[in-house]
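The next block holds one structure in the form of structure tokens; read it before the comments.
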Amino acid sequence: MKTSLSPAQLDALEAELDAIRAEITADLGERDAAYIRRIVRVARWNAIAGRGLLMFGFTPISWLAGTSALALAKILENMEIGHNVLHGQYDWMNDPSLDSQTYEWDNVCDSGDWRHSHNVLHHTHTNILGKDRDVGYGVMRVSDAQGWSPAHLFQPISNVALSLLFQWGVGLHDLDVPRNLATPEGRREMRARSGPFLRKAARQLFKDYVFFPAIALGNAPRVLLGNLSANLTRNVWTNVIIFCGHFPDGARFYTEEETANETRGEWYIRQIEGSANIEGRRWFHILSGHLSHQIEHHLFPDLPAHRYPEIAPRVRAVCEKYGLRYNTGSFWRQYGSVLTGLVRRSLPTSKRPQPVAA
Amino acid sequence: MLEPAKQAASRLLASSWLRPLNDLDALDDLLAPWHPTAALGRIKARVVEIRQETPDVRSFHLSPNWRWPGFAAGQHMSVALESRGVRHHRTFSLSSAPCDRWLRLTVKRRPGGRVSNAMHDRLGVGDVLELSAPSGRFVLPEALPEKLLMLSAGSGITPLMSMLRDVRRRDPGRDVVFVHVCRTLRDAVFATELEGLAACMRALRLVTHVSAERGRLDADGIAARVPDHAERTTWLCGPPAFMEAVHARWQAEGLAERLACEHFGDLVPNRRAAGAPLEVRATRSQRCFTTTGERPLLVEAERAGLTPRYGCRMGICHTCRCRMTSGSVEDLRTGERCSEPGQWIQLCVSRARSDLELEL
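First to last, the sequence lines map onto chains A and B.
Add 591 to the 1-based position in the first sequence for my numbering, that's all there is to it.
Add 1007 to the 1-based position in the second sequence for my numbering, that's all there is to it.
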């Protein structure tokens, strides 16, 4: 990997980051258990309140309140609970209801598919072109190093569509549809592996658009519309947060050759330079599942996420010490940069990207 | 007619299509603030009384919720207790009889024992424990034998106490010899209770052997103090060495069929000299392999022909996660040791530090 650090510096960087990890691991305890259980409770009560208001209310205000509560429940469940539990962040608690291998989250993506496409592929091969399918999700051009095709002309529009339907993109992600659709073998493999996704999607559709509307009897349309809006809200929110993780300006992408025979220290550097943080208040971090601390998350994906703000200053200091860019900014700056990048890269790159001034 | 209908109904109620309405875990959590032992699925029990039996043994009397299915004298169950955010499970035999009002857990404080110490130090009246359903075949038969012998040493007395109390209810006149070995008189658990039982069970003979005064009680000693042991059906529970000695003697006398045993206590992991091969037992695949403890367990398992699931091979994705039932491992990244039975380990970043048993 191209880095200006000497092997000795790389080892020192590795040791410093390992030490942060070891310190947090040794300190895990009641506080972390209480935190995640509190979030679980808040998410559950919001879901109950939201579904209750949709089912039994009859004014537009109660519809809006119900939809908001349900959207909040889904966002918390997907981001701060589901994503983090599925990373194994709480496996140490030995609590079967927070177990990474059996947890099933409230969206159309099967948890098993997710653990493969996200925990294994994305977190191991972060930002390696050709290996990390999260680089543009096979449909977007988010790096100048990706080839251009005429379809990319529409990406400012398709981005809106993708964000509205984001859970479906996530659900289909492990099946690698864009690549597999191209060949007969790919299509066969996709069919063979589509079972978990189809079952999960059917259950989710049944729950939100058949079961809950049906038990609301006369209020069925109101419930159906509320559930749909809550799902869409969650979709847009997760899409926006996730795009801010690796696609703002300055996030580095890598080739397979560059990263062959990487040391653990170099892997750490790739996680730092390939990720971007978003600054915000505590509620914002919680609603983003602490993906706003994408750099810390990529360094230590299996540490309980609510610890990221606590270690962020130390990670940042390590970055400064070794001259690594710690990409962070306000939400609007980071997301603005994602959007302008998407628009800019919808056109073929005319000139080589300018080297970033040191 | 009724049974299949019942089964179909319970299958329907547990169906994933009814989620989240039938998520019992979630419902139990929502019920907890309303009443501490209210639950639809889990067995919870409230501590109603605590009694100090000896300086390092305490009995916890528990009132279980409606999910408790009842038990047979001599059975054990698993108790979940949280300490520093980690849920630990330990198996205990009940020392109460099924006819008693409360369940009774009798727990000895073990030096360094996370759960026993937490129970002694922090568990108070009103606290709630989560239990598993009872299990175990170390029980009394439907028809009691003419003559019984109950042999226990140390904490092994708990299931036998349960049985003796059960015998008293079923037939107070039954001929029972109850032998208990303890280190000192101060360590004699249930001494008063046993005397009380002897007062109302006329054919009960109590033999208490204090090993600090009279030396270890070996199998010959037992045979000498219970001359008619060959005529008795025997129940045995105690530390491994004690049990092995009795078992060998009973076998030699051709009495093995009339002996029921209950093992308890932690099997101490064998720590061997560095470099010596360690044995890893994979319980799911019923395979065994050896490792020198240098390479990660994932690599060693694969070399032995096993095919564990894996992903990143560097400790981040948790795909190769596996439960360690016994033994001790070291995290290759942090050097941290883990010897907690039942803990999850990641095969790709763990190496063996003792003989292991893995759910693999």
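Backbone N, C-alpha and C fix where the C-beta goes; we use that ideal spot for every residue, glycine too.
The structure presented is a predicted model; accordingly, all values stated were derived computationally and were not measured.
Judged by DSSP secondary structure, Lys665/A falls within the alpha helix (DSSP H) whose first and last residues are 651-666. The shortest C-alpha to C-alpha distance from Leu1155/B to any of Leu1147/B, Ser1162/B, Gly1161/B is the one to Leu1147/B. Residue range 1182-1189 is occupied by the beta strand (DSSP E) that includes Phe1185/B. Judged by their CB atoms, Leu1305/B and Leu1243/B are not nearer to each other than the 7 Å cut-off. Distance from the CA of Arg1111/B to the CA of Ala896/A, rounded to the nearest whole angstrom, comes to 40 Å.
DSSP places Gln746/A in the uninterrupted alpha helix (DSSP H) bounded by 746-755.
Secondary structure note for Phe1099/B: its beta strand (DSSP E) is the uninterrupted segment 1093-1100.
In this structure, DSSP gives Trp923/A a helical state, which the three-state scheme calls helix.
Within the same chain, Met731, Leu933, Ser937 come within 6 Å of Gln746/A by CB-CB distance, once the 5 residues on both sides are set aside. If you ignore the 5 residues before and after Glu607/A, its C-beta comes within less than 7 Å of the C-beta of Val909, all in its own chain and listed in chain order.
For the region 820-837 of chain A, no residue has a beta-carbon sitting nearer than 7 Å to a beta-carbon of chain B. Within a 10 Å sphere around the beta-carbon of Ser921/A sit fewer than 16 other beta-carbons, which makes this residue exposed. As far as DSSP is concerned, Arg1108/B takes part in no beta bridge. Taking every protein chain shown into account, the CB of Thr1314/B has fewer than 16 other CB atoms within 10 angstroms, so this residue is exposed. Residue environment analysis places Asn698/A among the buried positions, since at least 16 neighbouring C-beta atoms fall within 10 angstroms of its C-beta.
Setting aside the 5 residues that flank it on each side, Ile902/A is surrounded in the same chain by Ile611, Ile615, Glu887, each with a C-beta closer than 7 Å to its C-beta; the list follows chain order. Setting aside the 5 residues that flank it on each side, Cys1207/B is surrounded in the same chain by Arg1175, Pro1179, each with a C-beta closer than 8 Å to its C-beta; the list follows chain order. Excluding sequence positions up to five before and after Ser1139/B, its CB lies within less than 6 Å of the CB of Met1084, Ser1085, all in the same chain and listed in chain order. For Gln795/A, the enclosing alpha helix (DSSP H) stretches over residues 786-797.
Listed by position along chain B, the residues whose Cβ is nearer than 7 Å to that of Val711/A are Gly1318, Cys1319, Cys1324, Thr1326. Thr1341/B belongs to the set of residues whose beta carbon lies under 7 Å from a beta carbon in chain A. In the DSSP assignment, Tyr845/A is bridged to Ile719/A. Taking C-alpha positions only, Ser708/A is separated from Thr1113/B by approximately 48 Å. Asp1128/B counts as exposed, since fewer than 16 other C-beta atoms from the protein chains shown sit within 10 angstroms of its C-beta.
Its chain contains Leu619 as the residues whose beta carbon lies nearer than 7 Å to that of Trp683/A, once the 5 sequence neighbours on both sides are disregarded; these appear in chain order. For Ile1050/B, the beta-bridge partners assigned by DSSP are Leu1138/B.
Excluding residues up to 5 positions away in sequence, Val827, Asn830 lie with their Cβ nearer than 6 Å to the Cβ of Ser754/A in the same chain. The Cβ neighbour count for Cys1295/B, taken over all protein chains shown within 10 Å, is under 16; the residue is labelled exposed. Rounded to the nearest whole angstrom, the CA to CA distance from Asp1173/B to Ser1070/B is 19 Å. Using a 10 angstroms sphere on the CB of Asp765/A, the tally of other CB atoms reaches 16 or more, which defines it as buried. Phe797, Lys798, Phe802: these are the residues of the region 795-814 of chain A whose beta carbon lies less than 8 Å from some beta carbon of chain B, given in chain order. Less than 7 Å separates the beta-carbon of Arg1121/B from that of Ser1090/B. Around the beta carbon of Trp1351/B, 16 or more other beta carbons sit within 10 angstroms, so the residue counts as buried. A direct Cα-to-Cα measurement between Arg907/A and His876/A gives close to 17 Å.
Within the same chain, and ignoring the five residues on either side of Ala811/A in sequence, the residues whose Cβ sits closer than 6 Å to its Cβ are Pro804. With contact defined as three or more Cβ pairs closer than 8 Å, the region 629-638 of chain A and the region 794-802 of chain A are not in contact.
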